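Participant:
There are 2 protein chains.
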Amino acid sequence: MKRREFAGSIIAAAAAAVLPRNVRASTASLAAPLKVNGARLNAHLAALAEFGKNPQGGVSRVAYSDADKASRPYLMQLMRDAKLDVSVDAAGNILGRRAGSDASLKPILFGSHTDSVPEGGMYDGDVGSLGAIEVAQSLAEQNITTRHPLEVVIWQNEEGGLWGSHAATAVLTPADLATVSRSGKTIREGIAFLGGDPDHLERTRRAKGSLTAYLELHIEQGGTLEQEKLEIGVVEGIVGIHQWNVTIDGFQNHAGTTAMNNRHDALLSAARFIEAVNRIVTSEPGRQVGTVGRITALPGTVNVIPGKVECTLELRDLDAKKIDGLSTKIQAEAKKIGAMNGTTFAFAQVTDNVPAPTAPAIRAMIAAAATELGLTHKTMPSGAGHDAQDLAQLCPVGMIFVPSIGGISHAPKEYSRPQDITNGANVLLNTLVKLDVAP
Amino acid sequence: MKRREFAGSIIAAAAAAVLPRNVRASTASLAAPLKVNGARLNAHLAALAEFGKNPQGGVSRVAYSDADKASRPYLMQLMRDAKLDVSVDAAGNILGRRAGSDASLKPILFGSHTDSVPEGGMYDGDVGSLGAIEVAQSLAEQNITTRHPLEVVIWQNEEGGLWGSHAATAVLTPADLATVSRSGKTIREGIAFLGGDPDHLERTRRAKGSLTAYLELHIEQGGTLEQEKLEIGVVEGIVGIHQWNVTIDGFQNHAGTTAMNNRHDALLSAARFIEAVNRIVTSEPGRQVGTVGRITALPGTVNVIPGKVECTLELRDLDAKKIDGLSTKIQAEAKKIGAMNGTTFAFAQVTDNVPAPTAPAIRAMIAAAATELGLTHKTMPSGAGHDAQDLAQLCPVGMIFVPSIGGISHAPKEYSRPQDITNGANVLLNTLVKLDVAP
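Protein chains in written order, with my numbering: chain A, 254 to 692; chain B, 254 to 692.
As structure tokens, this is what we get:
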């Protein structure tokens with residue numbers, strides 16, 4: 254067995270002690286926590302960040318963009334280096350498979366995504382994707398064979414609405430496939446662009462109960478872990494996310510000749526709406542959030558009163574009932590706002606992801622792995638959506654968070670420390686081992 | 254003399270009575286109001302509306318667009334048909350000249366513009382441009398020679414900021430020429446695109462006092478004349494227009510993981526700002542107006558808190574001091590709004606057109622011409638900016654308004670009745686005659 258040592262790691266030495274050179278190990282024989290090669294993992298992260306790099310830092314690697322496509326041969330080569338059998342499924346997800354010692358067991362799936370929001374960071378998704386590959390490479394290098402088959406996955410288009418994991422867990426309708434993504438391509442076009450086969454998505458779908466578990470390592474994307482000086486987050490569940498496209502119709506007119514009391518200004522109504530969303534969401538105790546992230550005013554000229562505004566509304570909470578209550582209040586308030594100046598609001602819901610709890614048994618394994626690695630940890634919700642929430646419909650899932658400095662994400666300044674990333678991959682590796690040996 | 258009669262016009266018959274066939278007439282010899290060919294004028298309007306026609310009606314003939322350029326040979330042919338000597342000046346304005354009987358007199362300039370806002374109407378600018386050409390053609394057909402040289406002008410890019418008349422009345426700086434217009438072209442590129450010569454704009458400039466007067470016919474673009482059932486507006490002055498680009502800097506972050514009390518949401522600040530503009534502008538009596546017409550939120554994604562917003566602010570009034578007072582209040586309020594959630598506002602003024610009064614003597618001539626034509630009229634301000642406000646720096650100016658149905662303008666539903674358009678051209682023709690014979 255040939256492996257790179259990384260400096261200063263006591264546990265790596267301990268792991269090496271239980272793994273005699275040139276002897277194949279099984280997970281059951283491991284007495285101390287295993288370790289990944291953190292330096293290599295962080296080097297891979299830096300290399301991946303070259304694809305779609307922003308001038309101001311971070312990446313713009315929107316799903317189905319040229320940058321997204323260009324990064325995939327690199328990712329697939331890393332998987333091959335990790336001794337994984339690489340394939341692209343019908344939905345365009347990248348899979349890397351490794352056999353286990355017991356062919357009767359169902360696979361353990363683990364991974365994340367590598368697409369980004371426009372002007373996003375280089376950690377969201379990338380840490381979990383490269384962390385999963387690093388775990389596979391560490392197992393291969395350390396000659397460890399798991400009982401379960403392993404599958405590393407890189408889901409496509411997580412940021413645009415979890416499309417890759419949707420394809421694995423649900424039937425995409427023709428309307429789904431016709432949805433225009435941020436790249437300008439439809440989902441169908443994007444799948445084909447990535448080398449998938451949108452006419453045979455049934456080949457991508459997994460049956461309920463066909464997986465032992467799904468694990469995902471991810472940056473927290475919030476500031477809790479850093480503020481509380483903790484190293485690992487054990488995710489208790491993923492919030493439900495409801496999104497709407499909101500259309501406000503007013504009356505386009507000349508900004509110089511139309512008296513103030515004679516206007517049907519769609520942008521003024523939009524402004525009152527945005528303020529109301531903030532006011533209503535913050536009027537109740539709890540961790541719910543509400544956001545208007547996108548807005549277009551038409552025709553969009555300095556000297557014309559906007560006749561139409563299109564914007565988005567997003568509400569998130571771990572409690573689906575709370576989301577419904579807020580949405581009812583907001584839509585009622587919008588109606589009142591519209592009546593103030595003769596404009597009308599229309600809401601078209603585009604996403605209604607239900608809250609997804611993680612499996613208590615896996616939470617316990619993650620916490621135990623962190624403890625054994627000497628890492629502080631806490632149980633916490635995920636305010637962000639993740640592919641794990643789709644997988645929760647098929648199998649037990651677990652999610653591991655590492656700190657985001659300043660709580661910054663979906664932005665060029667998104668940052669996680671190299672040691673935290675290494676910690677997360679180590680927890681992923683040891684959680685996988687615990688899952689593998691669990692009865 | 255060969256001329257088309259238009260049905261039902263008593264005054265046309267009267268005018269014909271004072272104009273013996275085949276005899277050249279001078280303006281001094283005219284005893285009754287002259288008339289244009291209204292049917293022809295309205296047919297020209299319909300023909301011009303084919304250039305850049307919107308599917309939903311009206312036109313999108315943005316300055317320097319292909320539609321703008323395509324319309325110009327048609328306009329120049331109409332001018333030639335009206336016996337005008339046609340040229341394009343260094344700024345890209347179209348000029349049509351006609352000699353007077355007294356070469357010592359300074360020219361009377363009259364016209365308007367033919368560019369539109371995006372998804373605008375087919376009357377704004379077009380009525381005054383084609384009305385001016387129709388007046389020239391009527392004079393030619395009726396064999397009337399004025400004492401003064403006449404110049405019909407079609408100013409380029411009025412909607413983007415009166416660029417054609419700016420070039421005639423001021424020195425355009427390199428920064429002016431580098432301004433990016435709505436077409437995507439800079440002003441310099443736009444001038445060259447229209448066949449002008451941006452390196453020799455001094456050839457376009459008129460000296461103060463070099464013109465006898467400037468006249469412009471235009472649709473009202475407001476609802477006053479229609480509501481009061483009046484036929485002609487005698488413009489007392491053009492409001493000052495101040496415009497700003499407003500930049501709001503917040504902090505871009507993840508919309509799911511960033512708690513409500515930890516956000517620096519630039520779009521929430523923009524919303525409060527838009528509401529404040531409306532509140533402050535309507536808090537004082539008067540005819541002032543304030544508008545936010547354009548807004549961009551970055552990065553503009555449903556699941557990202559906007560880190561930056563760019564929007565516009567426009568204030569208009571006949572009183573420059575009132576504009577200054579409102580702007581001071583609005584900027585102070587913006588500072589408070591920014592402080593509420595850790596965002597900052599920056600205001601960059603892009604336009605500060607001063608209010609421009611029209612010449613009382615010309616107002617009296619317009620009113621007299623309307624009365625002689627049997628048309629009801631009132632004196633009123635122009636809430637819209639016009640090229641006439643630039644010309645007011647060089648010579649006495651006069652403006653004639655005709656009703657806009659429903660007060661709608663800068664929109665596909667902009668409409669003025671054919672008879673009102675004909676009335677306006679008749680008033681323009683007879684005001685010109687009065688100016689010509691004035692001592």
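C-beta: ideal position from N, C-alpha, C; glycine also. In this text, all values refer to a predicted model and were calculated from it rather than measured experimentally.
Check whether the Cβ atoms of L464(A) and P360(A) lie closer than 7 Å to each other.
Facilitator: Residue numbering aside, residue 464(A) sits at position 211 when the first sequence is read from its first letter. Residue numbering aside, residue 360(A) sits at position 107 when the first sequence is read from its first letter. A distance below 7 Å separates the beta carbons of L464(A) and P360(A).
Participant: Against chain B, which members of the region 644 to 675 of chain A pass a CB distance test of less than 7 Å?
Facilitator: G660, I661, S662, H663 and A664
Participant: Please identify the residue among P692(A), A691(A) and V686(A) whose C-alpha is closest to the C-alpha of T280(A).
Facilitator: On the first sequence, position 27 is the one that residue 280(A) refers to. Nearest option by C-alpha distance: V686(A).
Participant: Check each residue of the region 535 to 559 of chain B: if its Cβ is closer than 9 Å to any Cβ of chain A, include it; give the result in chain order.
Facilitator: T535, R540, Q541, V542, G543, T544, V545, G546, R547, I548, T549, A550, L551, P552, G553, T554, V555, N556, V557, I558 and P559
Participant: Given that L520(B) touches chain A, what residues does it touch there, using C-beta distances under 8 Å?
Facilitator: Numbered from its first residue, the second sequence carries residue 520(B) at position 267. Those are I527, V545, G546 and I548, listed as they occur along chain A.
Participant: Per DSSP, what are the beta-bridge partners of I653(B) in this structure?
Facilitator: As a position in the second sequence, residue 653(B) is number 400, starting the count at 1. For I653(B), which the question treats as bridged, DSSP gives the partners L470(B) and V487(B).
Participant: What's the C-alpha gap between G659(A) and G476(A)?
Facilitator: For the purposes of this step, residue 659(A) is taken as the residue at position 406 of the first sequence. For the purposes of this step, residue 476(A) is taken as the residue at position 223 of the first sequence. Rounded to whole angstroms, G659(A) to G476(A) spans 6 Å at the Cα level.
Participant: Does H507(A) get closer than 7 Å to chain B when you measure Cβ to Cβ?
Facilitator: For this step, residue 507(A) is matched to residue 254 along the first sequence. Yes, H507(A) lies at the interface with chain B (some Cβ there is under 7 Å from its Cβ).
Participant: P308(B) versus chain A: which residues are under 9 Å apart at the beta carbon?
Facilitator: Numbered from 1 along the second sequence, position 55 holds the residue referred to as residue 308(B). Ordered by position in chain A, no residue passes the 9 Å Cβ test against P308(B), which lies about 14 Å from the chain.
Participant: Looking at C-alpha atoms only, which residue of L626(B), A622(B) and M652(B) is the closest neighbour of G636(B)?
Facilitator: Indexing the second sequence from 1 puts residue 636(B) at position 383. Looking at the Cα atoms, M652(B) is the closest of the given residues.
Participant: Which whole-angstrom value describes the C-beta separation of P552(B) and P371(A), a residue pair presumed to lie in contact below a C-beta threshold of 8 Å?
Facilitator: Start at 1 with the first residue of the second sequence, and residue 552(B) comes out as number 299. Start at 1 with the first residue of the first sequence, and residue 371(A) comes out as number 118. About 5 Å separates the two Cβ atoms, so the contact holds.
Participant: Within a Cβ cutoff of 7 Å, which residues of the same chain sit near R333(B), ignoring the five residues on either side of it in sequence?
Facilitator: Translated into the one-based positions of the second sequence, residue 333(B) becomes position 80. Counting only Cβ-Cβ distances below 7 Å, and skipping sequence neighbours, we find V339.
Participant: So, with DSSP's three-state summary, where would you put T675(B)?
Facilitator: The residue labelled residue 675(B) in the question sits at position 422 within the second sequence. Residue state, collapsed to three classes: helix.
Participant: Please check if any C-beta of chain A sits within less than 7 Å of the C-beta of Q330(B).
Facilitator: In the second sequence, residue 330(B) corresponds to position 77, counting from 1. Closer than 7 Å: no.
Participant: Given that a residue counts as buried once 16 or more other Cβ atoms are within 10 Å of its Cβ, and exposed if not, what is Q480(A)?
Facilitator: For the purposes of this step, residue 480(A) is identified with residue 227 of the first sequence, where counting begins at 1. By the 10 Å Cβ count, Q480(A) comes out exposed.
Participant: Rounded to the nearest angstrom, how far is the Cβ of L571(B) from that of P608(B), given a contact under 8 Å?
Facilitator: Residue 571(B) sits at position 318 when you count from the first residue of the second sequence. Residue 608(B) sits at position 355 when you count from the first residue of the second sequence. That belief holds up - the Cβ atoms of L571(B) and P608(B) are roughly 5 Å apart, short of 8 Å.
Participant: Can you list the beta strand (DSSP E) stretches of 3 or more residues lying completely in the region 291 to 329 of chain A, in chain order?
Facilitator: none
Participant: Is it right to say K589(B) is buried, meaning 16 or more other beta carbons lie within 10 angstroms of its own, or is it exposed?
Facilitator: Start at 1 with the first residue of the second sequence, and residue 589(B) comes out as number 336. The residue is exposed, with fewer than 16 neighbouring Cβ atoms inside 10 Å.
Participant: Of the choices A356(B), T426(B), K322(B) and V534(B), whose alpha-carbon is the least far from that of G448(B)?
Facilitator: On the second sequence, position 195 is the one that residue 448(B) refers to. For G448(B), the nearest C-alpha among the options comes from K322(B).
Participant: Below 7 Å between beta carbons: does that hold for I527(A) and A524(B)?
Facilitator: Taking the first residue of the first sequence as 1, we reach residue 527(A) at position 274. Taking the first residue of the second sequence as 1, we reach residue 524(B) at position 271. In contact: I527(A) and A524(B) (Cβ atoms closer than 7 Å).
Participant: Could you work out which residues of chain B lie near M593(A), taking near to mean beta carbons separated by less than 7 Å?
Facilitator: As a position in the first sequence, residue 593(A) is number 340, starting the count at 1. Per Cβ cutoff of 7 Å: no residues; M593(A) is ~10 Å from chain B at best.
Participant: Quick one: give me the first and last residue of the beta strand (DSSP E) that T624(A) is part of.
Facilitator: For the purposes of this step, residue 624(A) is taken as residue 371 along the first sequence, with counting starting at 1. Premise fails: T624(A) lies in the alpha helix (DSSP H), P613 to E625, not in any beta strand (DSSP E).
Participant: Taking 7 Å as the threshold (beta carbon to beta carbon), is G636(B) in contact with chain A?
Facilitator: Translated into the one-based positions of the second sequence, residue 636(B) becomes position 383. It does: the Cβ of G636(B) has a partner Cβ on chain A nearer than 7 Å.
Participant: Would you verify that the beta carbon of M375(A) is, or is not, closer than 7 Å to some beta carbon of chain B?
Facilitator: Taking the first sequence and counting its residues from 1, the one referred to as residue 375(A) is at position 122. M375(A) does not count as touching chain B.
Participant: Can you tell me whether DSSP reads T632(A) as helix, strand or coil?
Facilitator: As a first step, residue 632(A) is located in the first sequence; it is residue number 379 there, counting from the start. Three-state result, T632(A): strand.
Participant: Could you check whether the region 374 to 389 of chain B touches the region 655 to 672 of chain B, counting it as contact only if at least three pairs of C-beta atoms, one from each stretch, sit closer than 8 Å?
Facilitator: Contact between the region 374 to 389 of chain B and the region 655 to 672 of chain B is established, with three or more Cβ pairs separated by less than 8 Å.
Participant: What is the DSSP secondary structure of T581(B), counted as helix, strand or coil?
Facilitator: Translated into the one-based positions of the second sequence, residue 581(B) becomes position 328. If DSSP states are grouped into helix, strand and coil, T581(B) belongs with the helices.
Participant: Please check if any C-beta of chain B sits within less than 7 Å of the C-beta of M513(A).
Facilitator: In the first sequence, counting from the first residue as 1, residue 513(A) sits at position 260. Closer than 7 Å: yes.
Participant: Please go through the region 414 to 448 of chain B and give each complete beta strand (DSSP E) segment of 3 or more residues, from N-terminal end onward.
Facilitator: Listed in chain order, there is nothing to give.
Participant: Apply the 10 Å Cβ neighbour rule to R532(B) and answer buried if 16 or more other Cβ atoms are within range, or exposed otherwise.
Facilitator: As a first step, residue 532(B) is located in the second sequence; it is residue number 279 there, counting from the start. Classification for R532(B): exposed.
Participant: So N531(A) contacts chain B; which residues on that side make the cut at Cβ distance below 7 Å?
Facilitator: Here residue 531(A) refers to the residue found at position 278 when the first sequence is read from its first residue. Going along chain B in sequence order, the residues near N531(A) (Cβ under 7 Å) are L521.
Participant: D605(B) to T510(B), Cα distance in whole Å?
Facilitator: Taking the second sequence and counting its residues from 1, one reaches residue 605(B) at position 352. Taking the second sequence and counting its residues from 1, one reaches residue 510(B) at position 257. One C-alpha to the other measures close to 43 Å.
Participant: State yes or no: is the beta carbon of P371(A) nearer than 7 Å to at least one beta carbon in chain B?
Facilitator: On the first sequence, position 118 is the one that residue 371(A) refers to. Yes, because at least one Cβ of chain B sits closer than 7 Å to the Cβ of P371(A).
Participant: Which first and last residues belong to the alpha helix (DSSP H) in which Q642(B) is found?
Facilitator: Within the second sequence, numbered from 1, the residue matching residue 642(B) stands at position 389. Element bounds for Q642(B): D640 to L644.
Participant: When you compare each of T632(A), S369(A) and Q390(A) to N290(A) by their alpha carbons, which one comes out closest?
Facilitator: Within the first sequence, numbered from 1, the residue matching residue 290(A) stands at position 37. It is Q390(A).
Participant: In or out: E567(A) buried (at least 16 other Cβ within 10 Å) or exposed?
Facilitator: For the purposes of this step, residue 567(A) is taken as residue 314 along the first sequence, with counting starting at 1. Buried, because 16 or more other Cβ atoms sit within 10 Å of the Cβ of E567(A).
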